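Participant: Before we start, here is the structure in question, set down as C-alpha cells.
2 protein chains.
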Amino acid sequence: MIQLNFSKSADGLLPAIVQEAETGRILMLAYINQQAFTETLVTGYAHYWSRSRQTLWQKGETSGHRQEIVEILVDCDEDTIVYVVRQQGGAACHKGYPSCFYRRVEDGALQVVEQRVFDPETVYKK
Amino acid sequence: MIQLNFSKSADGLLPAIVQEAETGRILMLAYINQQAFTETLVTGYAHYWSRSRQTLWQKGETSGHRQEIVEILVDCDEDTIVYVVRQQGGAACHKGYPSCFYRRVEDGALQVVEQRVFDPETVYKK
Chain A
1 MIQLNFSKSA DGLLPAIVQE AETGRILMLA YINQQAFTET LVTGYAHYWS
51 RSRQTLWQKG ETSGHRQEIV EILVDCDEDT IVYVVRQQGG AACHKGYPSC
101 FYRRVEDGAL QVVEQRVFDP ETVYKK
Chain B
1 MIQLNFSKSA DGLLPAIVQE AETGRILMLA YINQQAFTET LVTGYAHYWS
51 RSRQTLWQKG ETSGHRQEIV EILVDCDEDT IVYVVRQQGG AACHKGYPSC
101 FYRRVEDGAL QVVEQRVFDP ETVYKK
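Protein sequences appear in the order of chains A and B. All residue numbers for the first sequence refer to the UniProt record's numbering, where the first residue is 1 and numbers rise by one. All residue numbers for the second sequence refer to the UniProt record's numbering, where the first residue is 1 and numbers rise by one.
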C-alpha cells in the first residue's frame, strides 16, 4: 500500500503532473486526494479531485480525452506524483491545445507556442 | 508584465514543475510566490518559496546544483508554470538522485528506478 503525504498541503490535496509517454511533453497539472489516487490505480485511467467543483473527476469524462496510465512516479517527499499517460484525443487542455502549457514567457509577455487541436465550444456543449 | 493567479491556491503559492531541457525528464516540483517568480525572471536561475522554511530559496544555493532557466511555460489558468532548465551538477533531488521522481509504482509498492549521483551526507554538511 502506497502512502502519500496528503498532510503536506494546506488543503489536503497533492499535485499530479501529467506527462505524455510518447513525447515526454508535460500536458497538465491537477490535484489528487486519496480517493482520486485509488481510482486511478484501480481503473488505469487518470482521476483527480476538482478544486472548483469539489468532486472526483475522471479526466475526459466530458470530452472523451481520457488519460490511460502508463506509469506512476512518486517524489522523494511523497507529496507530488507524475502520471505518465497515453493522452486520448490528442489534447489535454480544456482550451483545445495538446498541453495546458501552450504559452511561453517571451519578452515579459505570453506567446502561444502550440496549435489548437479542437474547438472547446463544440466539445464542451452546454 | 505577466500576471499569475496566486489567489487560486489555499496558501497563495503556485506549483512550478521543473523539466530538464536536454532530456525532457521531470526533475522536481516546488512552489513559487511573486517574489520567487520575479527573482527567477531577473536572474535567469530558478528560485522558489520554501514552505518548510518560509523563505525565498535559490535552488542550488547549498548544493551548487543550480537550475539555469531555458524557458518558462505558463498554463491555461495561469496557476501552474514549467521551468525548463539546464540542471547543474546532474542532480535535482536533495537525496542525490537526478530527479525527485526516482521511484515508480510497481505492484502496489515503490521501486527505485534511478541511480544516485551524489551522497547527500557529503553535500549537505551541517
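Heads up, the beta-carbon is just placed ideally off N, CA and C, and yes, glycines get one too. Here the structure is a predicted model, which means the values were calculated and not measured.
Using the beta-carbon of each residue, which ones in chain C are nearer than 7 Å to A:V42?
Facilitator: Looking at the structure shown, chain C is missing, and the protein chains on hand are A and B.
Participant: What is the DSSP secondary structure of A:S7, counted as helix, strand or coil?
Facilitator: DSSP places A:S7 in helix when its eight states are reduced to three.
Participant: Quick one: is B:L27 near chain A, going by C-beta distance under 7 Å?
Facilitator: False, the Cβ-Cβ gap to chain A never drops below 7 Å.
Participant: Going by the beta-carbon positions, is the gap between B:F101 and B:I26 smaller than 7 Å?
Facilitator: Their beta carbons are under 7 Å apart, which means B:F101 touches B:I26 by this criterion.
Participant: So with CB distances below 8 Å, who are the chain B contacts of A:R104?
Facilitator: Neighbours of A:R104 on chain B, chain order: E71, I72, L73 and V74.
Participant: Throw me the rounded Cβ distance for the B:E68 and B:Y45 pair, which I believe falls under 8 Å.
Facilitator: Sure, about 6 Å apart at Cβ, within 8 Å.
Participant: Strictly below 7 Å CB to CB, what residues from chain B border A:A10?
Facilitator: Chain B residues near A:A10: A10 and D11.
Participant: Using the Cβ count rule (16 or more neighbours within 10 Å means buried), how would you classify A:S9?
Facilitator: Buried: at least 16 other Cβ atoms inside 10 Å.
Participant: If I measure Cβ to Cβ from B:E114 and keep anything under 6 Å in the same chain, skipping five residues before and after, which residues do I get?
Facilitator: Closer than 6 Å at Cβ, skipping near neighbours: Y97, P98 and Y102.
Participant: Figure out for me which residue from A:L110, A:K95 and A:V112 has the closest Cα to the Cα of A:E121.
Facilitator: The shortest Cα separation from A:E121 among A:L110, A:K95 and A:V112 belongs to A:K95.
Participant: Measuring alpha carbon to alpha carbon, tell me which of A:R86, A:T55, A:G64 and A:L29 ends up nearest A:F118.
Facilitator: Out of A:R86, A:T55, A:G64 and A:L29, A:G64 has the C-alpha closest to the C-alpha of A:F118.
Participant: Once you ignore the five residues that flank A:D79 on each side, which residues in its own chain have a CB closer than 6 Å to its CB?
Facilitator: N5, K8 and L14.
Participant: If you follow the alpha helix (DSSP H) that B:A36 is part of, which residue opens it and which one closes it?
Facilitator: Start and end: Q34 to T43.
Participant: Between which two residues does the beta strand (DSSP E) harbouring B:P15 extend?
Facilitator: Residues L14 to E20.
Participant: In this structure, how does DSSP classify A:T122 when only helix, strand and coil are distinguished?
Facilitator: Looking at A:T122 - three-state DSSP - the assignment turns out to be helix.
Participant: Look at the alpha carbon of A:Y124 and the alpha carbon of A:Y83, and state the distance between them as a whole number of angstroms.
Facilitator: Cα to Cα, A:Y124 sits roughly 24 Å from A:Y83.
Participant: In or out: A:D75 buried (at least 16 other Cβ within 10 Å) or exposed?
Facilitator: Buried, by the Cβ-count rule.
Participant: Would A:S24 count as contacting chain B if we go by Cβ distances under 7 Å?
Facilitator: Residue identity differs from the one stated: residue 24 of chain A is Gly in this sequence, not Ser. Output row for A:G24: interface = yes.
Participant: Spatial neighbours of B:D77 within its chain, please: CB distance less than 8 Å, with the 5 preceding and 5 following residues excluded, ordered by chain position.
Facilitator: Excluding sequence neighbours, B:D77 sits near N5 and K8.
Participant: Taking the beta strand (DSSP E) that A:V82 belongs to, which residues open and close that run?
Facilitator: Looking at the DSSP string, the run of the beta strand (DSSP E) that includes A:V82 is I81 to Q87.
Participant: Nearest by alpha-carbon distance to A:L41: which of A:M1, A:I17 and A:E61 is it?
Facilitator: Among A:M1, A:I17 and A:E61, the Cα nearest to that of A:L41 belongs to A:M1.
Participant: Find the nearest neighbour of B:V70 within the set B:L110, B:G12, B:R51 and B:E20, judged by alpha-carbon distance.
Facilitator: The shortest C-alpha separation from B:V70 is found at B:E20.
Participant: Between the beta-carbon of B:L56 and the beta-carbon of B:A36, is there less than 7 Å?
Facilitator: Result yes, Cβ atoms of B:L56 and B:A36 sit closer than 7 Å.
Participant: Any idea if B:A109 is buried or exposed, counting beta-carbon neighbours within 10 angstroms, 16 or more meaning buried?
Facilitator: It counts as exposed.
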